[in-house]
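Protein sequences, first through last, are from chains A and B.
When the letters of the first sequence are read in order and numbered with the numbering used here, they come out as residues 28 to 336.
When the letters of the second sequence are read in order and numbered with the numbering used here, they come out as residues 4 to 409.
Each residue gets a CB set at the ideal place from its N, CA and C atoms; glycine is no exception.
Step one of this worksheet: look at the structure below.
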Amino acid sequence: MLEIKGISKSYGDNSVLNNISLHIGKGDILVILGTNGAGKSTLINILSCLIEPDKGDVFFDGENVKSNIDKYKNKIGIVPQEIALYQELSAYDNLMFWGGLYDISRKELQETADYVLNLFGLYDKRNAKIKTYSGGMKRKINIACSILHKPSLLLMDEPTVGLDPQSTNDTIDHIENLNAKGMTIVYTTHYMKVAERLCNRIALIDEGSILDVGSFAVLRGLSGIKDSVTIKLKNANSTELNKLQFDRSLYRIDNLNNTFHMDCEDINKEIADIIAGIQACNGEILSIDTCVADLESIFIKLTGKMLKD
Amino acid sequence: MFKLFKKDIKLFIQDKKSLVISFLLPVILISLFGFIFKDDKGNRENIKPIRLLVCDEDRSELSGKLISILDSSENINITLTDYDKSLDLINRGTHSGVLIFKSGFEDSLAMQLSLPLEIKYDKSHELEIRLLQSIIINRLLDTLGNELLTKSVDSYIKGKFADLDENILSIIKQNSNISINFKKLIDLKVTSVVGEKKNINLGLIQAIAGTAILILLFSITGHATSIIEEKENGTINRLLCSPLKVWHILAGKMLSAFFIALSQLSIMFLFAILLFRFDITINFPAFILLVFATILAVIGFGFFLASMCISRQQAENLSTIVIIVMSTIGGSLVPLFVMPVIMEKIAFFSVNYWVMQSFFDIYWRLLPFIEIIPRIIVLLIIGLTLIIISIFLFQKNIKKSRQFYN
């Protein structure tokens, strides 16, 4: 559906994007994850036709966007990072205005506006001015205004910035619903938890370059990070741990601290076997501490940087 | 309490733009008003020269002599012309009035009859003409005093003693004690030729036109600067992500500005009609054209100002200063005829000037449609030029930061 080929962008001597290439298939959710200033918004702005890249091209359904920009703009929806709404207008008026910029009949627009207001649970407050809405409600209308013309590609630039966890979860639910209905979504964020929830495919971006792209499992494989378990034993010396059936390269025993440590692919699947194995060797377990490889640790491993919430 | 005081002063000082407007605006206004009024009261030596037309129908030696004396006065700038042309120039507002030496002026003096002198003037220059009247009478008294006395004595003796020797006559003239009622002779007739045809109040025209243009400038500039606010809150970018083009956005803004301005003017004129019985139908086509040209010029000005600024705060501060200064020099706040000549020339660069003068053309000078057109064309040119420049600047500003595809 969307093909980004060799996009580069600089402002003076400051290179913001370096030779970015990505493919987003129909119905995908691509999460672009990166620190602040990594180049996420610049990439979204290029995909939104707000910025022209210095090099490279964007293809939509096989056509170069530059050659048919009006057609492209009619097929995409943009959810900007800011609450880009008219605060003095009601939610309904905002929806009618933003939807009215596209080629939709008034009747169809009214029906769609009612539908999205119901979808986001804001129908009863449709006539209230946006300025009276809470942050979460505003974010919902910010998204709603972008989907009225039923775009096949939705570009979302950090749409949950500043939201509390509950509102963030609600927003993500809506995004997943939209995706389930066939909408292709490109979503930028620096929130790890959001990225983990939406992790159909993740592109890690750092200093204007895409480091890796893939599913969580692929990225984890690329980073080499594994789950781990640390088990505190009553007496590691007296235990017959040399009889353990596990691959010796995966575990180590600290006799001094009486601990057993092991790396594994999926701790949830393997923990029962590990405990059973230790107990089979007469190991007396005092406590179990597990560490699951998450996106944050993968990101840190791959970029050497922390993501800040 | 002191901490609050300290905090507020700190905030006030840190807001540099507000600081500038708080101190710069009063300084500018004091300078402007001071410059306008400083020479006009109580110091006749420095009064700006009055541009006076003179029509010499007598064409006598005496009338010629008097015209040269008046011309040598530093308070009066004389332009000789004929009667019809002088009335036309007064009607067009280029001159305040005409002094007419009617036929038989010199003969009337000889016969001690009331001198056939008249000033015809534009009533909007009442103050100026009253001043002029006083200057002319003084000059005539100074100049004609001896002339009148000599001619009166000469005429009286020659009538009584036709054969009297010239030497004796000269001695009698020098020692005579004949009194002449100069004031009766120099009865300068003053007639207004503009503003008398209809029962129109000059102050009302000044108030309506001055207020209308001032309010329009503030409201439309405020509307234009909302585009900067939209840039700041992201709605402009969102609009640009839609199938709209930059010029669509600007055209939409200008159209709404036009509607707002038209509504404001309609309400203002309706109010003037109902409350002051202001007759807008005197030259309705010209009025409609002027309203259209005024709105266009104000839209051009407002959008031009907005396109020069990078933040709404900056636009608000700049527009307040520019509008008040422009309205002052343009005659919205202070009538143009009380200003020094240099200010009248500077006024040409103000939108207010062209609107105010066009209003006076229609409702005071009662000029025909065709003669009102040139000033309205100037307004249209100002409006269109500023609109084109502002569209160019807006596109440049947006492209500078965003570099659009289209």
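{"Query": "Nearest to B/Glu235 by alpha carbon, out of A/Ala111, A/Ile47 and A/His50?", "Result": "A/Ala111"}
{"Query": "For A/Lys100 and chain B, any beta-carbon pair shorter than 7 angstroms?", "Result": "yes"}
{"Query": "So if I threshold CB-CB distances at 9 angstroms, which residues from the segment 49-71 of chain A count as touching chain B?", "Result": "none"}
{"Query": "Whose C-beta lies closer than 6 angstroms to the C-beta of A/Leu181 among residues of the same chain, with five residues either side of it excluded?", "Result": "Gly104, Met210 and Ile212"}
{"Query": "Counting Cβ pairs, one atom from each stretch, are 3 or more of them under 8 angstroms apart for the segment 283-300 of chain B and the segment 319-328 of chain A?", "Result": "no"}
{"Query": "Quick one: what does DSSP say A/Arg166 is sitting in, helix, strand or coil?", "Result": "helix"}
{"Query": "Given this structure, state the Cα-to-Cα distance separating A/Asn95 from A/Met28, to the nearest angstrom.", "Result": "15 angstroms"}
{"Query": "DSSP puts A/Ser35 in a beta bridge; with which residues?", "Result": "A/Lys82"}
{"Query": "Rounded to the nearest angstrom, how far is the Cβ of B/Ser310 from that of B/Gly333, given a contact under 8 angstroms?", "Result": "Actually they do not touch by this definition, with Cβ atoms about 21 angstroms apart."}
{"Query": "Could you tell me the distance, in whole angstroms, from the CA atom of B/Asn46 to the CA atom of B/Leu134?", "Result": "Caution is warranted here: a pLDDT of 49 is assigned to B/Asn46, below 50, making its placement in the model unreliable, and the coordinate value is therefore given only provisionally. Cα-Cα distance, rounded: 12 angstroms."}
{"Query": "Mind checking if A/Pro186 is an interface residue toward chain B, Cβ cutoff 7 angstroms exclusive?", "Result": "no"}
{"Query": "Would you mind telling me which residues of chain B sit closer than 8 angstroms to A/Tyr214, beta carbon to beta carbon, in chain order?", "Result": "Chain B residues near A/Tyr214: none, gap ~16 angstroms exceeds 8 angstroms."}
{"Query": "Starting from B/Ser330, follow the alpha helix (DSSP H) in both directions and report where the run begins and ends.", "Result": "Arg315 to Ile332"}
{"Query": "Going by beta carbon distance, what residues of the same chain come within less than 6 angstroms of A/Ser194, once the five residues before and after it are set aside?", "Result": "Gly163"}
{"Query": "Does the distance from the CB of B/Val197 to the CB of B/Gln136 come in under 7 angstroms?", "Result": "no"}
{"Query": "Under 8 angstroms by Cβ, that's how I've got B/Ile231 and B/Ser314 pegged, so tell me the actual separation to the nearest angstrom.", "Result": "6 angstroms"}
{"Query": "A/Asp97 versus chain B: which residues are under 7 angstroms apart at the beta carbon?", "Result": "Pro246"}
{"Query": "So, with DSSP's three-state summary, where would you put A/Ile131?", "Result": "coil"}
{"Query": "By how many angstroms is the C-alpha of B/Leu92 removed from the C-alpha of B/Lys123?", "Result": "11 angstroms"}
{"Query": "Can you tell me whether DSSP reads A/Phe273 as helix, strand or coil?", "Result": "coil"}
{"Query": "Got a sec, what are the start and stop residues for the beta strand (DSSP E) A/Tyr214 sits in?", "Result": "Thr211 to Thr216"}
{"Query": "Under a CB-based cut-off of 7 angstroms, is B/Arg241 close to chain A?", "Result": "yes"}
{"Query": "Just how far apart, CA to CA, sit B/Leu299 and A/Leu144?", "Result": "40 angstroms"}
{"Query": "At the level of alpha carbons, what is the spacing between A/Met123 and B/Gln209?", "Result": "44 angstroms"}
{"Query": "What are the residues that DSSP puts in a beta bridge with B/Val57?", "Result": "B/Leu83 and B/Leu102"}
{"Query": "For B/Thr388, count neighbouring C-beta atoms within 10 Å of its own C-beta (all shown protein chains included) and say buried if the count is 16 or more, exposed if not.", "Result": "exposed"}
{"Query": "In whole angstroms, give me the CA-to-CA distance for B/Glu48 and B/Leu278.", "Result": "Because B/Glu48 carries a pLDDT of 46, less than 50, the predicted location of this residue cannot be relied on, and no value is offered for it."}
{"Query": "Anything in chain B within Cβ reach of A/Leu180, meaning under 9 angstroms, just list it in chain order.", "Result": "Those do not exist, as A/Leu180 stays about 12 angstroms from chain B at its closest Cβ, beyond 9 angstroms."}
{"Query": "I'd like to confirm the pairing. Which residues does DSSP put opposite A/Thr286 in its beta bridges?", "Result": "A/Lys259 and A/Asp281"}
{"Query": "Determine, for B/Thr228, whether the minimum Cβ-Cβ distance to residues of chain A falls below 7 angstroms.", "Result": "no"}
{"Query": "Secondary structure at B/Arg47, three-state DSSP: helix, strand or coil?", "Result": "At B/Arg47 the pLDDT is 45, less than 50, meaning the model places this residue with poor confidence; the figure from the coordinates comes in the next sentence. If DSSP states are grouped into helix, strand and coil, B/Arg47 belongs with the helices."}
{"Query": "At 7 angstroms on the CB atoms, spell out the chain A contacts of B/Asn236, in chain order.", "Result": "Glu109 and Ala111"}
{"Query": "Return the chain-ordered list of same chain residues with a C-beta closer than 6 angstroms to the C-beta of A/Asn72, the five sequence neighbours on each side being excluded.", "Result": "Ile78"}
{"Query": "When you compare each of A/Gly304, A/Met289, A/Lys158 and A/Val106 to A/Thr317 by their alpha carbons, which one comes out closest?", "Result": "A/Met289"}
{"Query": "What did DSSP end up calling A/Val143 once you bin it into helix, strand or coil?", "Result": "helix"}
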